[in-house]
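For the record, the sequence lines run as chains W and Z. Under the working numbering, the very last position in the first sequence is 799; numbers go up by exactly one each time. Under the working numbering, the very last position in the second sequence is 1598; numbers go up by exactly one each time. We treat Cβ as the ideally placed atom computed from N, Cα and C, and that holds for glycine. Here's the structure, in structure tokens; my notes come after.
Number of protein chains: 2
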Amino acid sequence: MLSNHFQNGVETVRHAWSRIPNSEESQFVDDAVGLVRKSDGSSVESLDYEVIENFAYREEQARRGKLYVSYLLVVKWLFALLIGIGTGLAAVFINLSVENFAGWKFSLTFSIIQKSYIAGFLLYALINLVLVFSSVYIVTQFAPAAAGSGIPEIKGYLNGVDIHGILLLRTLIGKIFGSIGSVGGGLALGKEGPLVHTGACIASLLGQGGSTKYHINSRWFQVFRSDRDRRDLVTCGCAAGVAAAFRAPVGGVLFALEEVTSWWRSQLMWRVFFTSAIVAVVVRTAMGWCKNGNCGHFGSGGFIIWDISDGQEDYSFAELLPMAIIGVIGGLLGALFNQLTLYISSWRRNHLHKKGSRVKIIEACLVSLLTSIISFCLPLLRECSPCPESDPTSGIECPRPPGMYGNYVNFFCSSDKEYNDLATIFFNTQDDAIRNLFSAKTIHEYSSQSLLTFLVMFYSLAVLTFGTAVPAGQFVPGIMIGSTYGRLVGMFVVKYYKKLNIEEGTYALLGAASFLGGSMRMTVSLCVIMVEITNNLKLLPLIMLVLLISKAVGDAFNEGLYEEQARLRGIPLLESRPKYEMRNMTAKEACGSGRVISLPRVVKVSDVVSILRSNKHNGFPVIDHTRSGESLVIGLVLRSHLLVILQSKVDFQHSPLLSDPRGGDRSIRHDSHEFAKPVSSKGICIDDIHLSPDDLEMYIDLAPFLNPSPYIVPEDMSLTKVYNLFRQLGLRHLFVVPRPSRVLGLITRKDLMIEDTENVNTLELQSTSVRNRHHNKRPTTRNSDVERPLLNGLLVGSE
Amino acid sequence: MLSNHFQNGVETVRHAWSRIPNSEESQFVDDAVGLVRKSDGSSVESLDYEVIENFAYREEQARRGKLYVSYLLVVKWLFALLIGIGTGLAAVFINLSVENFAGWKFSLTFSIIQKSYIAGFLLYALINLVLVFSSVYIVTQFAPAAAGSGIPEIKGYLNGVDIHGILLLRTLIGKIFGSIGSVGGGLALGKEGPLVHTGACIASLLGQGGSTKYHINSRWFQVFRSDRDRRDLVTCGCAAGVAAAFRAPVGGVLFALEEVTSWWRSQLMWRVFFTSAIVAVVVRTAMGWCKNGNCGHFGSGGFIIWDISDGQEDYSFAELLPMAIIGVIGGLLGALFNQLTLYISSWRRNHLHKKGSRVKIIEACLVSLLTSIISFCLPLLRECSPCPESDPTSGIECPRPPGMYGNYVNFFCSSDKEYNDLATIFFNTQDDAIRNLFSAKTIHEYSSQSLLTFLVMFYSLAVLTFGTAVPAGQFVPGIMIGSTYGRLVGMFVVKYYKKLNIEEGTYALLGAASFLGGSMRMTVSLCVIMVEITNNLKLLPLIMLVLLISKAVGDAFNEGLYEEQARLRGIPLLESRPKYEMRNMTAKEACGSGRVISLPRVVKVSDVVSILRSNKHNGFPVIDHTRSGESLVIGLVLRSHLLVILQSKVDFQHSPLLSDPRGGDRSIRHDSHEFAKPVSSKGICIDDIHLSPDDLEMYIDLAPFLNPSPYIVPEDMSLTKVYNLFRQLGLRHLFVVPRPSRVLGLITRKDLMIEDTENVNTLELQSTSVRNRHHNKRPTTRNSDVERPLLNGLLVGSE
């Protein structure tokens, strides 16, 4: 009888949760912003996928009528739409601001250097300094998680590692305004990586219905409580970020697929693609609006589209050799870049940044000054070249008219008909410099000396800038570096191959692809992004060739930039393939010699407290005994759930016997939101909970709070197989158990091919004997859950 | 001691296998072509992923030195290259042949109808009949698996279901020549689906080193013996097929990713993309060569590129309504198409095609005749329209010059300055008809009456043709149907919205997208393919809108075309998501009431034979007893492996005791190729094995042939979780075991974060006590496998 009561009790609890979908308690979850489970000693915390199984999932399932499913579907698509619009608008805002700041800076400087170069330089350096200072100030004082590109962190989040503060509102704000400052301030970094992070932040904030810290939240949006849904939203946000940064919707989807996500479902793909396309529409609309002159200095620049549709159409086989050389150079320089940045970042972390945010601010300002000096003074040392004979059909003027963007910058030249080739790439916004480097029909514009100087200086600046406390992407600097040596190679090809249809710009593009491939080691997504930004499908095979080579060369030296950085930051990414060494290990060996701390089903509060205090485990097996004294593992309880139970105290009972659900009104004690994992807030810590001595003497029945069947592996299973199980299913805890004594059944494909409609009947027929027994006891079969047979057995045993 | 001996024995066996990588036995596997395990009563057989774990994988691991890994990598890329080239050339060959046959047919007919329409019709119908007859003859007599599109079968193969004969050389030949006949013969079907199948066949044949039946095989190519590698190759082949059919490399990758594969690894993506790009290069090169007139009638036609870059540039919000209507129509007509074809195919299978191949031939010929009559005679009934005023800038002539492709076909017209709009779409190759329907700047070319007639007739023909015994794709007919009603809607928009920049061709394109979306329910890949074939990125948001709507509408009625057909053909596809009903079931319930048949470790031959005869199970648990009498599950043995052991007889022993490996020379008894799963050959059947009475009295020790640790689930785990495990890891057998009595350890992310270099040392330190004990016994730790601790225990127990 007791088992029956208990069953009903559990049913009622679940039912009650489903009746209060948006109760007051849900706000609690997002209330405090901070480190999740700080007691671990690290700011890194794995995501808990089992929560889904335990509470949110059950509740979701309980509520999941046909109508609710449709509602959820509509909401998901609505969110995809909103993420697309939000990210698109953020991208437009960032680009608009950067272009206006930079445009204003350059036009002011150009107008002043007509009179005095010194005054011009001072003004130029000052504006840069102010912009960079604003950026680093925002980041250090307000949003420390906004520093860097954010892609390693997002990658970690989607791999199941929660890093403090990466998806907060303040991070979003810091990222947007920090990007404007750092990119507008002319540092050797880009705004593309930060845009990916921005998209992810927007997605996450929308998913949790705003930020509760700033009281900007809405209950209407709080439909996504499972980690999976939140992860899906963040994936959409990443794709949206790439789509916005490069105006490459397909590239965005592939980037999300290849580079960031760890678990991919094909249902998600369509939604991600939809988000990307929305971004493309928003950006296109905004640019159309800007064409009418509504956006100040925002003209042809801003969004990266280096259209090289007038590049060379075909290529001879002899050209494949220099292209392969570009690939090799890209691999070498990219790997070197990864290694250098790794050393410098590690040094910074260990020595410089420990000294506080003041050091970070000074550092960024010094880097800004250095960048200003180099980009202004180096072109001064360079002699101007006479303009080439103008070709009215190409539409390229030499020198370019004052106040405009374009090729052939007249800077410190004695004559009006001259241009400074170093200034054309150095004393310019990066977008324009790249456009100039990619430009076709401008053969012999640059001297190899200038390109080499620029390559060395910019490479050093990029390495130096990487790791300063400002939002920083590596795409644009990578493209700058790559296109410089690409163009250099192109110049040699033009010189020695003596063919008319060779364009240096095409080589610059290949160089850019090769450096990105050598540094980031992305493949398909990078290829598609390059094709989409250059709008030239014909170059696809060449880009692929170069990427193949540069990735292979780079892989011989080290890992990709994001992986290296993730490792440096201590983000434990689980790779998709198990390590080679795992083949020689068993599951038992992997869990080490540590004692397993398990809890009995009914446990004393003081025991729970002491166990939680004594270790940092996040999950505990729960063991019960049958009447015959045999022990049985009845499930897994999570530390976070235990903490919630301890804090609320409503589940405490006086007797160590199993609880009688009819006695108390357990049904309304809990709302599943209490147990939902907080996104951007600190969880409860055991030290925060104050229990009276009376409380400590009470008992808790853990049965309703268990994950009744975590995945299990036998102790001597190869770790390779264990790894695959863990990684593929995105688990957090896995029980290692003794080898079973018997096999109750085999499940094959046939057993899982259940037809939608027939299954219930056939099943009833198949196992009538078993099911009939239960039938009368359960009024509703809908909520009947998996632990039923076990718990029945247990409860019968302990009656 | 015995345990030690045994260990060494196993080591030696493995070592021996690794020494003979390409021994003579490997030919055995590919020798006979036929049905895998026919005794099952069905021609469908699940792939055995556990083979990898058991033999091929161990062997591969044993051989995997650094050098071998690099060698494998090079070979994999070489194969990707070869698949790309092969598929590209096959596509070029098919297109060239089709275009030449069709071109010759139409030009001959046109020259004859100048004199007599009846003679022209007879010739036209005769040529069609001959072509279709050749196609259906090849398919029915030589390659029955080549009928249909092949995509459901490939999808099934990649989902883990092996279907008889889909990847044979004869299927490839049948597919190529059958496609030429059926498409050249003017039936309402396309060559795109068959090209996907062709690519898959080429990939599979390359992977197994040719077809042994026809003695065209090379040992050099036989490096891929694991199912995973073969599956990867077939995935590459699918992508190559799409890339070749539509000249859409990115679309090909996405198609393979979204539609066909069930397990995707990001490492594979880059290789798939490489293959697709190679195909694009091959096709482009061939087309460049054909431009010089080397290819007969092969001119602008053939490869699908309906460039609509001169379509409308922008669109007003008011146009979104008719576009949404197109989406709805597409969803409805697509779902109807799926349903009708399902009924007709099912009727054909159950009634018509049972009567033998003669019926199939007659059926196809009748369909061909009907198609000829409709496509020739319907335009005759249609009055001609006067040509519009010619616009020299558009380059479109009216009527088109004789013998050329293009718009405005003059057919049965009284005047030279007239054209027959129905003939323009009906009496034409499908590629040209689609080009005409998509064409811009040809407003008012078609009357709504003609389009409606064509829509109804072609839709009926497409439904009727679907399921005849010829290779048949549904892409091109789908595009034809869709673009017809799309253009119809476009005409109304032009009429009522009265705006100048509206192009009917754009609406035709949207219609095509909507019908394909409504029928096939593909999303991202279809979208990208449409963008790539029309070469117009600006239409992306519109195509997406239409696809969203049509897919949603279609999903309300039935499943996608390929899923419906797969179900009809009895291909048990495991979907990526568990069914809703599974939530209420436990693992125990799913395996039904069937008794589990397990084997003891040392088993009598006669027992094995009787067990194999008495049931159709493909895997058997193996149980052993410790000295204390406790039973333990020591692994899973496969039926196919038992059959190999029975056939070879070398493992038979006289005593029921554990075998002493030093006694016999077990080390050279087996080659792992014996146990490798045959790709395109019949496995052994129990009835094929002849054993003498003496043999039946002998014993086999199964220990070396076990998969020592299959995945296990507790009996009361929710079937949803079981399904996820089964599906995500691509399993074939799963043990349902009793709930464990204790937990030996918990594996968390931390335990799996093993550093490459440090792990061996730290591990050694951690578990010194355990490992030291084993150390002296084993000269090499490399091959130490997972069953070691267990077997040790077992053997000590039974000494």
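key: Under 7 Å by beta carbon: chain Z residues contacting W:H733   = Position 733 of the first sequence, counting from 1, holds the residue named residue 733 of chain W. Ordered by position in chain Z, the residues that pass the 7 Å Cβ test against W:H733 are L1545, T1547.
Start-to-end residues for the beta strand (DSSP E) that takes in W:D701 = Mapped onto the first sequence, residue 701 of chain W falls at position 701. Residues 699-701.
task = Counting only the same chain and skipping the five closest in sequence on each side, list residues whose C-beta sits under 6 Å from that of W:I543.
result = Reading the first sequence from its first residue, position 543 is the one you call residue 543 of chain W. Only A513, C527, M530 meet the Cβ criterion.
inquiry  = So, does the region 183-198 of chain W touch the region 227-243 of chain W, judging by three or more C-beta pairs under 8 Å?
reply    = yes
ask   = Is the region 942-958 of chain Z touching the region 977-992 of chain Z in the sense that three or more CB pairs, one from each, lie closer than 8 Å?
value = yes
ask   = Roughly how far, in whole angstroms, is the beta-carbon of Z:V1436 from the beta-carbon of Z:L1505, given that I think they are within contact range, below 8 Å?
value = Numbered from its first residue, the second sequence carries residue 1436 of chain Z at position 637. Numbered from its first residue, the second sequence carries residue 1505 of chain Z at position 706. That pair is a contact at about 6 Å.
message = Could you check whether the Cβ of Z:E1380 sits closer than 9 Å to any Cβ belonging to chain W?
response = Within the second sequence, the letter at position 581 stands for residue 1380 of chain Z. Yes, Z:E1380 lies at the interface with chain W (some Cβ there is under 9 Å from its Cβ).
query = Under 9 Å between the Cβ atoms of Z:S1349 and Z:G1317?
reply = For this step, residue 1349 of chain Z is matched to residue 550 along the second sequence. For this step, residue 1317 of chain Z is matched to residue 518 along the second sequence. Contact: yes.
ask   = If you run the structure through DSSP and keep just helix, strand and coil, what is W:L352?
value = Here residue 352 of chain W corresponds to residue number 352 of the first sequence, with the count starting at 1. W:L352 falls in the helix class under three-state DSSP.
message = With the cut-off set at 9 Å, would you say W:L744 and Z:P1537 are in Cβ contact?
response = As a first step, residue 744 of chain W must be located in the first sequence, where it is residue number 744. As a first step, residue 1537 of chain Z must be located in the second sequence, where it is residue number 738. Cβ atoms of W:L744 and Z:P1537: closer than 9 Å.
Beta-ladder partner(s) of Z:P1513, from DSSP = What you label residue 1513 of chain Z is simply residue 714 of the second sequence in a count that begins at 1. Note: Z:P1513 sits in a beta bridge opposite Z:V1536.
task = Would you mind sorting W:I362 into buried or exposed? The rule is 16 or more other CB atoms within 10 Å of its CB.
result = For the purposes of this step, residue 362 of chain W is taken as residue 362 along the first sequence, with counting starting at 1. Per the 10 Å Cβ criterion, exposed.
query = Can you tell me where the alpha helix (DSSP H) with Z:G949 in it begins and where it stops?
reply = By 1-based counting over the second sequence, the position of residue 949 of chain Z is 150. Looking at the DSSP string, Z:G949 is not in any alpha helix (DSSP H), and its letter there is neither H nor E.
query = Between W:M287 and chain Z, is there a C-beta pair that is closer than 9 Å?
reply = Here residue 287 of chain W is taken as the residue at index 287 of the first sequence, counted from 1. Chain Z contact via Cβ: absent.
query = Which value, in whole angstroms, describes the spacing of the CA atoms of Z:K1378 and Z:R1027?
reply = Here residue 1378 of chain Z refers to the residue found at position 579 when the second sequence is read from its first residue. Here residue 1027 of chain Z refers to the residue found at position 228 when the second sequence is read from its first residue. Spanning the two alpha carbons is a distance of roughly 26 Å.
message = Against chain Z, which members of the region 619-631 of chain W pass a CB distance test of less than 9 Å?
response = G619, F620, P621, I623, E630, S631
query = Opposite Z:T1385 in the DSSP bridges: which residues?
reply = On the second sequence, residue 1385 of chain Z is found 586 positions in, with the first residue counted as 1. Looking at the DSSP assignment, Z:T1385 forms a beta bridge with Z:S1517.
task = Give the secondary structure of W:V33 by DSSP, where H, G and I count as helix, E and B as strand, and everything else as coil.
result = Within the first sequence, residue 33 of chain W is the residue found at index 33, counting from 1. Because W:V33 carries a pLDDT of 20, less than 50, the predicted location of this residue cannot be relied on, and no value is offered for it.
key: Pair within 9 Å by beta-carbon distance, W:I278 and Z:P951   = As a working mapping, residue 278 of chain W is identified with position 278 in the first sequence. As a working mapping, residue 951 of chain Z is identified with position 152 in the second sequence. Result no, Cβ atoms of W:I278 and Z:P951 do not sit closer than 9 Å.
request  = Would you tell me roughly how many angstroms separate the C-alpha atoms of W:S345 and W:G174, rounded to the nearest one?
outcome  = The residue labelled residue 345 of chain W in the question sits at position 345 within the first sequence. The residue labelled residue 174 of chain W in the question sits at position 174 within the first sequence. Whole-angstrom Cα-Cα distance: 21 Å.
message = Measuring alpha carbon to alpha carbon, tell me which residue in Z:F941, Z:W1088, Z:N1335, Z:L986 is nearest Z:L968.
response = Locating residue 968 of chain Z in the second sequence gives position 169, where the first residue counts as 1. Of the candidates Z:F941, Z:W1088, Z:N1335, Z:L986, the one whose C-alpha sits nearest the C-alpha of Z:L968 is Z:F941.
request  = Measure the alpha-carbon distance for W:V260 versus W:Q267 and round it to whole angstroms.
outcome  = The residue given as residue 260 of chain W occupies position 260 in the first sequence. The residue given as residue 267 of chain W occupies position 267 in the first sequence. Distance between the alpha carbons of W:V260 and W:Q267 is about 17 Å.
ask   = Using DSSP with H/G/I as helix, E/B as strand and the rest coil, what is Z:D1450?
value = Here residue 1450 of chain Z corresponds to residue number 651 of the second sequence, with the count starting at 1. Correct three-state label for Z:D1450: coil.
key: Extent of the continuous beta strand (DSSP E) to which Z:D1423 belongs   = On the second sequence, position 624 is the one that residue 1423 of chain Z refers to. Note, Z:D1423: beta strand (DSSP E), 1418-1424.
task = Compare the C-alpha of Z:R1181 against each of Z:L1165, Z:E1514, Z:I1224, Z:N1414 and name the closest.
result = As a first step, residue 1181 of chain Z is located in the second sequence; it is residue number 382 there, counting from the start. Ranking the options by Cα distance to Z:R1181, first place goes to Z:I1224.
query = Can you name, in chain order, every residue of its own chain whose Cβ lies under 6 Å from the Cβ of W:L805, other than the five neighbours on each side?
reply = Residue numbering for chain W in the displayed model covers 1 to 799; residue 805 of chain W lies beyond these limits and cannot be assessed.
inquiry  = Please return the same chain residues whose Cβ sits closer than 6 Å to the Cβ of W:T586, not counting the five positions on each side in sequence.
reply    = Translated into positions along the first sequence, residue 586 of chain W becomes position 586. If we look at W:T586 and ignore the five residues flanking it on each side, its Cβ neighbours are D716.
task = Using only alpha-carbon positions, find the residue among Z:V868, Z:V982, Z:K1294, Z:A918 that is nearest to Z:Q1273.
result = Residue numbering aside, residue 1273 of chain Z sits at position 474 when the second sequence is read from its first letter. Comparing Cα positions, the closest option is Z:V982.
request  = Using only alpha-carbon positions, find the residue among Z:E1429, Z:S1430, Z:G1418 that is nearest to Z:S1439.
outcome  = Position 640 of the second sequence, counted from the first residue, corresponds to residue 1439 of chain Z. Answer by Cα proximity: Z:G1418.
ask   = From Z:L1456 to Z:V1421, what distance separates their C-alpha atoms?
value = Position 657 of the second sequence, counted from the first residue, corresponds to residue 1456 of chain Z. Position 622 of the second sequence, counted from the first residue, corresponds to residue 1421 of chain Z. Roughly 16 Å separates the two Cα atoms.
ask   = Cα separation between Z:D1500 and Z:S1397?
value = One-based indexing of the second sequence puts residue 1500 of chain Z at position 701. One-based indexing of the second sequence puts residue 1397 of chain Z at position 598. If you take the alpha carbons of Z:D1500 and Z:S1397, they lie about 14 Å apart.
query = If contact means a Cβ-Cβ distance below 9 Å, which residues of the region 1513-1525 of chain Z contact chain W?
reply = P1513, E1514, D1515, M1516, S1517, L1518, T1519, K1520, V1521, Y1522, N1523, L1524, F1525
request  = Would you be able to state if there are at least three C-beta pairs under 8 Å between the region 499-513 of chain W and the region 428-448 of chain W?
outcome  = yes
ask   = Which residues of chain Z have a Cβ atom closer than 9 Å to the Cβ of W:G809, listed in chain order?
value = The first residue shown for chain W is 1 and the last is 799, placing residue 809 of chain W beyond what the model contains.
message = Just to make sure I have the definition right: I need the residues of chain Z whose C-beta is within less than 8 Å of the C-beta of W:T523. Which are they?
response = As a first step, residue 523 of chain W is located in the first sequence; it is residue number 523 there, counting from the start. Chain Z residues near W:T523: M1068, W1069, F1072.
inquiry  = Rounding to the nearest angstrom, what Cα-Cα distance links W:T748 and Z:I884 in this structure?
reply    = Start at 1 with the first residue of the first sequence, and residue 748 of chain W comes out as number 748. Start at 1 with the first residue of the second sequence, and residue 884 of chain Z comes out as number 85. Those two C-alpha atoms are separated by around 38 Å.
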